[in-house]
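Beneath this line is the structure, given in structure tokens, with notes to follow.
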DNA sequence: GGAGTAATGCAACAGATGTTTCATGCGCGA
DNA sequence: TCGCGCATGAAACATCTGTTGCATTACTCC
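Residue numbers (our numbering), protein chains in the order written: chain L, 1 to 285; chain V, 1001 to 1285.
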């Protein structure tokens, strides 16, 4: 029996294959269920290639022929449907750090409190401008929130400290603006400064933090709490913060109603116009 | 097209069938996946019945022949396997979007497969240099991975396309380097270009993607798969990608052993020296 | 620019597929 | 006990399967 899944094998070997075999291979990867059930000739007709191509593809992958490849696809499919991954992960007893981390992340996410998100989203929705601050490892989360909010509010969302000393940005904070602050212990000096500036500037402050008494959360109108420390890894986990940020963005979008939708469509059209994305492939099998 | 599932049909008609047909029918009901994939003769051999029995069974159920029955079994199976996740996510009626999103994220995380992470981490560990690519909304995840890896490998990890046209970075890829590519459908042009450059540059490629047949994952030595589309929100969710990235970084750190630890301590000392963090507060409540 | 190699499409091949026919076996009613 | 009819298994059937050899094309390296 073969140890690697035929799809993995296919993916790895694909670039080194001749053009038509690549095309056939992509078709198989995208239609693996059909490849496992329909006949080779049917598949070839659907893919617009001569039947022999699929035999050759299978042989190029190291199988004796198409039938062997199909057999492997069937087995892979059977195994996939059998047990969910989590069960398979827990079957692996000790020592498996990745499995333990993912399990811990999943549990931490399940414990998050969604209740304060709605109110925070309303605050964002009502603010004329939104500032987002996150430094060090929280920078990624901040950027993500920034990206998602700009999809439907492109001209009113800004990231604090994008290209240099944050002092310049901090001076621009105005009463009525909303500020989202993202951090966890130990708190970077930058985030504490940003929090103070936001407070003193009269902004509505939304804190994403791991502790309710975080320095940067003092005076915040809304607190979305996540757990960064439970991960068995060596670094705190940011999945909780990210999940909250995403929920916040989505809720804010929903509040925007039709206007948000229009803005989003405009943004999408703009991206499509500069061909930012590769042509859409078929739907997942 | 037939409206009732072939299995239901079978179950209902079973009592009125002759003995051997009943036996064959039960076998089909209990092994529907095999019935859909193996040949009739194989099935007959496994069930201990002559092949003709299955043709007759199909006809007794109202199908023109075994092939028609199998077709129905395949369709039933495709429908079942097609949308397992999205169905569950949409089950949450309406009302509380943030809660539904967090729940969906938690579930998606629980379904992640940690198995390929270890091998990918080993590849990272062994590479002299590591490149990380992620664009648009995946930029945040890429940055986070970049940040965590630099904590203990400050001089060998770089983000692709940090400050301008990525062409400059792409030219610097060398054989033996490892490249981590993060994206989901629809794939940005930049990530596909980066993937090709990495492949042609002889790098060991690690793909974080939502589909095994993603264009950017072709030829990748390792594929860490996440699910971006399950979220009930309007944008894809990146928590899965982030969780995998964190697991990857942690596993890579663990492989580094004492050397990694020393580097991490150095980094921490450097941060403390420039007073990047505010004084440590109490332990979490 | 030409020789050599790899890739591709086509058509013929042997084998396997699902179906059907036919002979036999079995049970039930007269 | 004898027919009658349905259920059953084996074998022959046409068809379709996956494969392979061959001729042609495209490409690459001198």
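By construction, the Cβ of each residue, glycine as well, lies at the ideal position given by its N, Cα and C atoms.
N- and C-terminal bounds of the alpha helix (DSSP H) containing residue i
| i | result |
| --- | --- |
| residue 1264/V | 1239-1273 |
| residue 1009/V | 1006-1013 |
| residue 125/L | 115-126 |
| residue 25/L | 19-30 |
| residue 146/L | 139-152 |
| residue 46/L | 40-47 |
| residue 1109/V | 1097-1110 |
| residue 185/L | Element bounds for residue 185/L: n/a, residue is neither H nor E. |
Alpha carbon of residue i to alpha carbon of residue j, nearest angstrom
| i | j | result |
| --- | --- | --- |
| residue 265/L | residue 254/L | 14 angstroms |
| residue 172/L | residue 1180/V | 37 angstroms |
| residue 1211/V | residue 1016/V | 46 angstroms |
| residue 1010/V | residue 1134/V | 51 angstroms |
| residue 1065/V | residue 1108/V | 41 angstroms |
| residue 270/L | residue 1208/V | 26 angstroms |
| residue 1174/V | residue 1273/V | 35 angstroms |
| residue 252/L | residue 125/L | 6 angstroms |
| residue 14/L | residue 59/L | 13 angstroms |
| residue 1076/V | residue 57/L | 29 angstroms |
| residue 1084/V | residue 1052/V | Low confidence applies here, because residue 1084/V scores a pLDDT of 36, under 50, leaving its location unreliable; read the following figure in that light. Roughly 35 angstroms between the two C-alpha positions. |
| residue 90/L | residue 1188/V | Summary for residue 90/L: the model assigns pLDDT 43, below 50, so the residue's position carries little reliability; its value from the coordinates is reported in the next sentence. So the two alpha carbons sit approximately 35 angstroms from each other. |
| residue 88/L | residue 178/L | Any reading at residue 88/L needs caution, since the residue's pLDDT is 40, under 50, leaving its predicted position unreliable; the model's value is listed next. Taking the straight line joining both Cα atoms gives about 44 angstroms. |
| residue 1068/V | residue 1219/V | 38 angstroms |
| residue 1190/V | residue 1157/V | 19 angstroms |
| residue 227/L | residue 1230/V | 23 angstroms |
| residue 35/L | residue 1063/V | 24 angstroms |
| residue 296/L | residue 142/L | Nothing can be reported for residue 296/L: it is not among the residues displayed for chain L, which extend from 1 to 285. |
| residue 1159/V | residue 1194/V | 11 angstroms |
| residue 22/L | residue 6/L | 15 angstroms |
Residues that residue i contacts on chain V, provided the C-beta gap is smaller than 9 angstroms
| i | result |
| --- | --- |
| residue 139/L | 1140, 1143, 1144, 1147 |
| residue 182/L | Going along chain V, no residue has its Cβ under 9 angstroms from residue 182/L, so there is no contact; the nearest lies around 11 angstroms. |
Under 7 angstroms by beta carbon: chain L residues contacting residue i
| i | result |
| --- | --- |
| residue 1033/V | 78 |
| residue 1012/V | Correct list: empty, because the minimum Cβ distance to chain L is about 25 angstroms. |
| residue 1243/V | 102, 105, 239 |
| residue 1218/V | 11, 14, 15 |
| residue 1199/V | 15 |
N- and C-terminal bounds of the beta strand (DSSP E) containing residue i
| i | result |
| --- | --- |
| residue 205/L | 204-209 |
| residue 1061/V | From DSSP, residue 1061/V is part of no beta strand (DSSP E); its letter is neither H nor E. |
| residue 1129/V | From DSSP, residue 1129/V is part of no beta strand (DSSP E); its letter is neither H nor E. |
| residue 1225/V | 1222-1225 |
| residue 159/L | 157-159 |
Rounded Cβ spacing between residue i and residue j (contact assumed at less than 8 angstroms)
| i | j | result |
| --- | --- | --- |
| residue 1049/V | residue 1020/V | 6 angstroms |
| residue 176/L | residue 128/L | 6 angstroms |
| residue 37/L | residue 1074/V | 5 angstroms |
| residue 1192/V | residue 1215/V | 5 angstroms |
| residue 116/L | residue 43/L | Contact doesn't hold; Cβ gap of about 52 angstroms is too wide. |
| residue 1232/V | residue 1104/V | 6 angstroms |
| residue 1242/V | residue 145/L | At roughly 13 angstroms, the Cβ-Cβ gap does not stay under 8 angstroms, so residue 1242/V and residue 145/L are not in contact. |
| residue 330/L | residue 161/L | The structure shown has nothing for residue 330/L, since chain L only spans 1 to 285. |
| residue 1102/V | residue 102/L | Contact flag wrong, Cβ pair sits at about 16 angstroms. |
| residue 26/L | residue 1213/V | 6 angstroms |
| residue 30/L | residue 1221/V | Not quite, the Cβ-Cβ distance comes to about 21 angstroms (not below 8 angstroms), so this is no contact. |
| residue 247/L | residue 114/L | 7 angstroms |
| residue 1106/V | residue 110/L | 4 angstroms |
Where residue i meets chain V, residues with beta-carbon distance less than 8 angstroms
| i | result |
| --- | --- |
| residue 96/L | 1114, 1118 |
| residue 7/L | 1212, 1213 |
| residue 29/L | 1212, 1213 |
Where residue i meets chain V, residues with beta-carbon distance less than 7 angstroms
| i | result |
| --- | --- |
| residue 26/L | 1213 |
| residue 74/L | 1037 |
| residue 371/L | Absent from the structure is residue 371/L, since the part of chain L shown begins at 1 and ends at 285. |
Contacts of residue i in chain L (Cβ-Cβ under 8 angstroms)
| i | result |
| --- | --- |
| residue 1109/V | 102, 105, 106, 109, 239 |
| residue 1221/V | 12 |
| residue 1258/V | Under the 8 angstroms cutoff, chain L gives no residues; its nearest Cβ is about 13 angstroms from residue 1258/V. |
| residue 1246/V | 101, 105, 231, 233, 235, 237, 238, 239 |
Interface residues of chain L facing residue i [CB-CB closer than 9 angstroms]
| i | result |
| --- | --- |
| residue 1065/V | Correct list: empty, because the minimum Cβ distance to chain L is about 15 angstroms. |
| residue 1022/V | The contacting residues do not exist; residue 1022/V stays about 26 angstroms from chain L at best. |
With three or more beta-carbon pairs closer than 8 angstroms as the criterion, would you say the segment 139-156 of chain L touches the segment 189-206 of chain L?
no
Decide if the segment 230-241 of chain L is in contact with the segment 114-129 of chain L; the criterion is three or more beta carbon pairs, one per stretch, under 8 angstroms apart.
no
Using 8 angstroms as the threshold, is the segment 1128-1144 of chain V in touch with the segment 1258-1273 of chain V, meaning 3 or more CB pairs across them?
no
If you pair each beta-carbon of the segment 182-189 of chain L with each one of the segment 137-145 of chain L, do three or more pairs fall below 8 angstroms?
yes
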